[in-house]
Each structure stands twice: as structure tokens, then as C-alpha cells.
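Count along the sequence shown starting at 1, add 10, and that's the number in the working numbering. Cβ atoms here follow ideal geometry from the backbone N, Cα and C, with glycine treated the same way. All remarks here apply to the structure that follows.
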Amino acid sequence: MDAGKERKTHAADWPCTDRWRCGSREHGLCIYRFGRTDLSGLYVLLGRILLCIFHSALHGWHLQNIFHIAQRPKGRAMKNLKGKVAVITGAARGIGFALAEASAEAGMKLAISDIDPAALAEAKKSLDAKGAETLAFPADVGNASEIEALAAATLKQFGSADLLFNNAGLFGTPALLWEQELADWEKTISVNLMGAINGIRTFVPIMLHQETDCHIVNVASVAGHLVQPFLGPYQATKFAMTAITESLYLELQTLDANIGVSLVCPGFTKTNIMGGEAASEPSQEEMSGGPASMIRSAMTEGVKSGLSPHDVAKQVIEAVKNDKFYVFTHPYALEMIGKRFDQVLGGTNPLLEGALKERFTE
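Structure representation (C-alpha cells):
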């Protein structure tokens, strides 16, 4: 599509029934009428929003009426993934490697990345042996320039980037919030949050320019919806991942963009997140045998008995194919999240739950 060329109007393709209203039925507006591929379309859209706010202030309409956006008439389901290019961070092991395997099985070309060059080389060797077409590019996701270099290498070798799996993550060090080392905060935020932000900032413009159906998968955690003590930095980044992924989805909807989005929230999974290259050293409080050590012990046991990365990856690929946003790989998580929101709505103070409750109240 040529830059500046207006997309087909909403009315040209289907009846327009969902409209913005501001003070009068004559002021109905549909966001699809102003969707352009250049910045002028954005200026028009912002102007319309300001106009709606002005009229609403005069006529007393609620903001929820201003920002009602018509749902997309059809999703961004990618039923056929064969020949697509998947970019996967944290791909040397665990869920990342399982995603690479599942993507290859679906016929995709792979651009895999990890901070551990040796482990990444082994992952590439394994994937190549199965017939995958693979680019291995070591990178620190917290470094924006390295993610930009990953994108450049991907485009040079494959010509496109159709799927992005922001998977890289680390667990951090269980400790009291006020005793968490600043370096641990910075490292956890760099990998778990800035890694995804760097991926979004780098690959979304590329995907928009391609104008083919694309998809971004952000791997968060059940910890992006539930809170336990002594895991402040990890949970903060996972809650933030939930927020930016939902925001990304909504923003792309307002543009009627060609990019689908999924938020993956695994529970306990058999990975090396509690050890290995990305793990943090135990804190002094942990080594003293205090409550934080009990948290690490509980998490370690949970990971050992968790779901296999292959099963998680299978659910993620199905979500991409069906344009599914929320991917909770463990059914128990939804029940726990429901209980959390019941507590919030009921004004109940936060409570310890499950095994942690037993450990701290025995």
C-alpha cells in the first residue's frame, strides 16, 4: 500500500453500526474511516478525539461513549504459519526453545536469540538437525541496540519478521522488598520488562510496514496477576508485562493494524528459570534459612513438577492461529485470579494462599 493512501472505509466493506457519539447522533464517528498508513491519519484521528471530548463536555456525555471503538470485523488469526519468520528471545532453553521447536514444526523459519552464546549454539544445532532453517543471534534483550541488530540480521537473512516471541526472562532473588539489591531490581527490570519493550519498539514498525498478518506474543506469568511475598521485582515486571501487552493490543486495534497480540501467563513449568545463566545468587536472608529461602524452595519444587515447556508452546501456537489474547496454560490460575478479584471487590486485605499459607502459618 502506498504511503498516504487511505485504507478502504469501514462503510465500503460492511455496514457501520458501531459509532462514536458525542452530544448528538449526528456526530457519530467510526475510527475505521480515518485509518491511514501515514502520520496524517493519526493527526486526523487525534483531532476527532479532541472534537469528541469538546462536544461531550458541552453535552455531558461520559468518556466511555467517546472512546467506544468498533471491534474488528475479522481477527488476525494466522491459520497457516508455513513460511512465516518467527523471532524468539530466550530461545536457548525452556519455553523459548520449545517455542522454537513448535514454530519449526509449523513450517516457520527461525531467528533465535539468547544471552548465552554457547547454549544458543547448541539450540541451533538441535533445530538444524530437525530440518529447521535457523538464524542464531546472541543478544541481551535489555540492550535496545542489540535487539535492533537482531531485527536487522533477521531481515537480511529472511526478508521479514512475522512473529515475535518476547520470551526472555529471569526469576530474580527472593528477598524482602527493602532488602532487595538495587542491582537485582535493575537486572530483573532490564530482562523481564525492557526486553519486551525493546522488542515492541523494534519490531512493531517493521510489521506495520510489511502490511502482512503478523503476531506478537509476550510471555508473562501467572505472577502477572497474583502476588506472593518476597518476589517483588519479578512480580512487578510481570504485572507490567500484562499492562503493556493489553495496551499494545488496544492500540493496534485502534489502528486496525495487521498485528495480533497474545499474552502468555504460564504457571509452574519445567524450565531452568530457578538456576542457570539468568538466575540470581541467593540473598543473605535466603542463606540464613529465613522466609525467602522457603519461597525459593517452594518455587523450585513447583518448577520440578510443572508442565512441560512443549505443552506450553503447543498452547501458544494454537493461540496465534486463533488470534487468542489471554493464554493461561494452567487451569488453576483462573480460579486463583478470580478469588483475587473477589477479594479486591470485597475490600478484603491481601491474603496468603495455598502452600505458602501452610508454610508461613504452621
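If you compare alpha carbons, which of the options is closest to residue i?
i: Asn176; options: Ser123, Thr222, Leu187; result: Ser123
i: Asp223; options: Thr198, Ala185, Asn332; result: Asn332
i: Ala128; options: Gly141, Ala116, Ala110, Pro148; result: Pro148
i: Glu261; options: Phe107, Phe338, Ile210, Leu186; result: Ile210
i: His235; options: Glu256, Glu221, Met217, Ile226; result: Glu256
i: Asn228; options: Gln238, Met251, Glu143; result: Met251
i: Ala267; options: Gln220, Lys349, Pro360; result: Gln220
i: Gln167; options: Glu143, Asp352, Ala329; result: Glu143
i: Lys248; options: Ala230, Ile254, Val237; result: Ala230
i: Ala101; options: Glu132, Cys275, Leu344, Asn90; result: Glu132
i: Pro319; options: Gly179, Pro276, Gln263, Lys140; result: Pro276
i: Leu265; options: Val214, Tyr244, Ala233; result: Val214
i: Glu111; options: Glu345, Leu137, Ser155; result: Leu137
i: Gln238; options: Val326, Tyr342, Gly141, Pro360; result: Pro360
i: Ala233; options: Asp321, Leu344, Leu355, Leu130; result: Leu344
i: Thr339; options: Gln325, Gly348, Asp352, Arg350; result: Gln325
May I ask you to report which of helix, strand or coil DSSP gives residue i?
i: Arg82; result: For Arg82, the predicted structure reports a pLDDT of 42, less than 50, and the residue's modelled location is therefore unreliable. A value from the coordinates is still provided. Coil.
i: Leu317; result: strand
i: Gly114; result: Reading off the sequence, residue 114 comes out as Ala, not Gly. Here Ala114 sits in helix by DSSP.
i: Glu191; result: coil
i: Arg211; result: helix
i: Val137; result: Strictly speaking, residue 137 in this sequence is Leu, with Val absent from that position. Correct three-state label for Leu137: helix.
i: Val237; result: coil
i: Pro184; result: coil
i: Pro360; result: coil
i: Met217; result: helix
i: Leu91; result: coil
i: Val322; result: helix
i: Ser200; result: helix
i: Val151; result: coil
i: Ala267; result: coil
Pull up the DSSP beta-bridge partners for residue i, would you.
i: Leu273; result: Asn228, Tyr336
i: Ile98; result: Ile122, Phe175
Ordered along the chain, which non-local residues of its own chain (more than five positions away) have a Cβ less than 6 Å from that of residue i?
i: Gly152; result: Ser200, Val201, Met204, Gly205
i: Leu109; result: Ile98, Phe175, Ala323
i: Gly125; result: It should be pointed out that residue 125 corresponds to Ile in this sequence rather than to Gly. Cβ within range, chain order: Asp150.
i: Met217; result: Cys224, Ile269
Could you spell out the range, first to last residue, of the beta strand (DSSP E) harbouring residue i?
i: Lys119; result: 119-122
i: Phe175; result: 173-176
i: Ala163; result: Element bounds for Ala163: not the beta strand (DSSP E) but the alpha helix (DSSP H), 154-168.
i: Leu145; result: 144-146
Which residues in the same chain have their Cβ closer than 7 Å to the Cβ of residue i, if we skip the five residues on either side of it in sequence?
i: Phe335; result: Tyr259, Val271, Ser272, Leu273
i: Gly242; result: Leu187, Gln190
i: Thr164; result: Val95, Val97, Ala121, Leu145, Ala171
i: Ile157; result: Ala149, Val151, Asn208, Gly209, Thr212
i: Lys84; result: Caution is warranted here: a pLDDT of 45 is assigned to Lys84, below 50, making its placement in the model unreliable, and no coordinate value can be reported.
i: Lys140; result: Ala114
i: Thr198; result: Leu180, Gly182, Pro243, Tyr244, Thr247
Could you tell me the boundaries of the alpha helix (DSSP H) in which residue i lies?
i: Phe249; result: 242-264
i: Arg350; result: 341-356
With a threshold of 8 Å on Cβ separation, who are the neighbours of residue i within its own chain once the five nearest residues in sequence on each side are excluded?
i: Lys92; result: Ala116, Gly117, Met118
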